[in-house]
Each structure stands twice: as C-alpha cells, then as structure tokens.
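Positions 133 to 436 (the numbering used here) are the ones given, in order, by the sequence shown. By construction, the Cβ of each residue, glycine as well, lies at the ideal position given by its N, Cα and C atoms. Take a look at the structure set out below.
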Amino acid sequence: MAENNVPKPIQVIDIDAYSPPQIASRIDKIATVKARLSFAQTFILGVLAGVYIGIGAQFATLVTCDSTLHYGLTSLIAGIVFSLGLMLVVIGGAELFTGNCLIIMGYVGKRITTRELLNNWIISFLGNLVGSLTMVCWMYKTHQWEFFHNMVGAKALLIAHTKVNLTFKTALARGVLCNAMVCLAVWLCFSGRSVADKVLSIVFPIGGFVASGFEHCVANMYFIPIGIVLRKNPAIVAAAEKMAGKTVDLSQLTWNGFFVNNLLPVTLGNIVGGVILVGIVFWFVYLRPHISLAFSVKQDFFHK
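Set out below in structure tokens:
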C-alpha cells in the first residue's frame, strides 16, 4: 500500500530556446545528414526550395505593385510577405543553396568531406534554378501579371530591370549582407522548439534583408527571368514606364544580363556572407577544438 502512495515524478517540458552552443551543435549534426543525401533527394528538394522562394517572390511583387505608402513601409511589407518562401523551405523541408552555406560548420569540423560539401551546394543550386524557372512558367501561365491594369507585371519588370543594372561590386556586397541575414534566420530557427518559434525567427531577418534591398541569388532566379519574359509584352513595358515616370532602358534585361550582371556576383556574395560571416564565425566561437597553450621554462633559466 505504501508503494501506491508514492507520487509519480512530474515530467518537465522545456520550452526555452536552445542556447547558441546547442544551436551550433544541432547545425553541425544536421550538416552530416544534408551532405549525405542522395543526388535525387538533394535535387528534388532543391527544386522544391526554388518553387517555395518563387512563391514568396511573386507574393511580394503582388502586394506592393500599387502601394502608395512610404518607400520604407512598402519595402517592409514586401519583406514580411516574402518570408513565406523561407518558412516553406525550413518548416516544409527543402534544400536551399543559400541556407546550406551553413553546412560549412560540418566541413571545418571534419564531419563531411570537400566532395560532399560541393555536391550539396552544386546540386541544390541547380535544383533551386530549375524550381525557380518552373515557377516563372507557372506564373506566366496564370496571367497574374495582368492584374490591376498590368501593374503586377510592371512591378515585376521594374524589379528585374533594377537588379540587372547593379554594378558587380554593388551586387557582390548586397549578396554578402543578404546571406548573412538568411543564415542568421536559419540559425535562429534552430533555436526554436515549435513551428511558431521558427516562423517568428524567420520574419524579421528575411524582412530586413528584403526591405534593405540586399540580393538573394535564388530569389533572383525568379525575379529576373519573369522580367525577361515580360519585357516582350508592350502593354507591360508601357505600364512599367508609367509607373517609373520615365523611359526604361531594358537593354540589360537579357539572359546574359541575368547570369553575368547579377547571378554571378550575387552568388559569390551569398557564399561569403553565409560561409564566412556566419558559419565559420559561429564554428570558431562554439565548436572549434580548444587549444591549450602551455609554456615550460627550464629551471636553469634563472641561474646566473
């Protein structure tokens, strides 16, 4: 009877966020899992990530096409709704090249090989490109660009026009800062224990990079190709020039302009921002092997 009166232990549920050292450890372990996915798994999940980011990009284009708010507020709204893309990637599960820059933590910790690292990056990048271009095709077929008297299409055209006319240095710098914020969003997601935690972790870093005008290579895989497709439509060009209040020179809005003027420098910048400013820095702080420096002095050193 005495045994029946013993109270059962109370199970405590920890709802606090994971600490930074725990986050680093979790990313270090997941890097091994990601790096050892098969080609088919990485590619298909990469295609999905491209589609998801494209969904966020077209959403941002739609809601800001006729905004009369202050530029900063309009940009903030665009950033918040664009966050949908990374939410789908992180919570739904997909392989996003820019976020995968964080698996560098597993590489410098010698958990994965150079070949595994490059395979993940290259395959996910190509999958992202295919998924983004697929989304461009679907959105063109929807004729969404005709909404609001072609204003959605005009906004998409002007976004693409702006991106392909950046200088190499500007695109590179904006790419560095962009992926630092994207990888910080992913870092914060690993601190959460629930879907709500992850959603809140994503909104402000992603909203911040979009509102700040930084450059994301996968988002640009949607933004620029949709502009290239729409530049052949006279009604869209006319609406874009009316929106801009001036004649728009679309000579750089070509596939060469996309790959050379924007995608190349932005991708390089994204790698620097994600790998160096976030991945390697956090690995150095939280995961690097501790080095003990001990100096021994010969006893006769003090003898005259």
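Roughly how many angstroms lie between the CA atoms of Trp319 and Lys378, to the nearest whole one?
Your numbering for residue 319 matches position 187 in the sequence shown. Your numbering for residue 378 matches position 246 in the sequence shown. Computed Cα separation, rounded: 42 Å.
For a test of the three-state rule: what should DSSP assign to His281, helix, strand or coil?
Indexing the sequence shown from 1 puts residue 281 at position 149. Here His281 sits in helix by DSSP.
How many Å lie between Met133 and Arg325 at the Cα?
The count along the sequence shown starts at 1 and reaches residue 133 at position 1. The count along the sequence shown starts at 1 and reaches residue 325 at position 193. Residue placement at Met133 is flagged as unreliable, the pLDDT there being 49, under the threshold of 50; the coordinate-derived value follows with that caveat. Taking the straight line from one Cα to the other gives about 40 Å.
So the alpha helix (DSSP H) Ser207 belongs to, where does it begin and stop?
Counting from 1 along the sequence shown, the entry for residue 207 is found at position 75. Here the alpha helix (DSSP H) through Ser207 covers 203 to 224.
Assuming Thr125 contacts Ile209 under a Cβ cut-off of 8 Å, what Cβ separation, rounded to an integer in Å, is found between them?
The chain is shown from 133 up to 436; residue 125 falls before or after that span and cannot be answered.
Would DSSP call Lys242 helix, strand or coil?
To locate residue 242, count along the sequence shown from 1; it is residue 110. In this structure, Lys242 counts as coil in the three-state DSSP scheme.
Evaluate Val429 with the Cβ neighbour count: other Cβ atoms within 10 Å of its Cβ, from every protein chain shown; 16 or more gives buried, anything less gives exposed.
Here residue 429 refers to the residue found at position 297 when the sequence shown is read from its first residue. Annotation note: pLDDT 49 at Val429 (below 50); position unreliable, no value reported.
Helix, strand or coil: which one does DSSP assign to Gly377?
Within the sequence shown, numbered from 1, the residue matching residue 377 stands at position 245. Note: Gly377 maps to coil in three-state DSSP.
Between Gly401 and the rest of its own chain, which residues show a CB-CB distance below 6 Å, the 5 nearest in sequence each way excluded?
Taking the sequence shown and counting its residues from 1, one reaches residue 401 at position 269. If we look at Gly401 and ignore the five residues flanking it on each side, its Cβ neighbours are Leu304, Gly307, Val308.
For a minimum of 4 consecutive residues, which ranges assigned as the alpha helix (DSSP H) are wholly contained in the segment 310 to 394?
327 to 343, 349 to 362, 366 to 376
Integer Cβ distance of Leu228 from Ala189, believed to fall under 8 Å:
Residue 228 sits at position 96 when you count from the first residue of the sequence shown. Residue 189 sits at position 57 when you count from the first residue of the sequence shown. Actually they are not in contact, since the Cβ atoms of Leu228 and Ala189 sit about 13 Å apart, beyond 8 Å.
Cβ contact (3+ pairs, closer than 8 Å) linking the segment 380 to 387 and the segment 406 to 425
no
In or out: Phe434 buried (at least 16 other Cβ within 10 Å) or exposed?
For this step, residue 434 is matched to residue 302 along the sequence shown. Here Phe434 scores only 49 on pLDDT, less than 50, and its place in the model should not be relied on; the value that follows carries that caveat. Looking at its Cβ environment, which holds fewer than 16 other Cβ atoms inside 10 Å, Phe434 is exposed.
Tell me the rounded alpha-carbon separation between Ile364 and Leu289.
For the purposes of this step, residue 364 is taken as the residue at position 232 of the sequence shown. For the purposes of this step, residue 289 is taken as the residue at position 157 of the sequence shown. The question names Ile, but residue 364 is Lys in the sequence shown. About 10 Å.
Could you give the distance in angstroms between the alpha-carbon of Gly285 and the alpha-carbon of Gly259?
Position 153 of the sequence shown holds residue 285. Position 127 of the sequence shown holds residue 259. When rounded, the distance between both Cα atoms is 26 Å.
Mark Gly225 as exposed unless 16 or more other C-beta atoms lie within 10 angstroms of its C-beta, in which case mark it buried.
Taking the sequence shown and counting its residues from 1, one reaches residue 225 at position 93. By the neighbour-count rule (16 or more Cβ atoms within 10 Å), Gly225 is not buried but exposed.
Report the three-state DSSP secondary structure of Cys197 (helix, strand or coil).
Numbered from 1 along the sequence shown, position 65 holds the residue referred to as residue 197. Coil.
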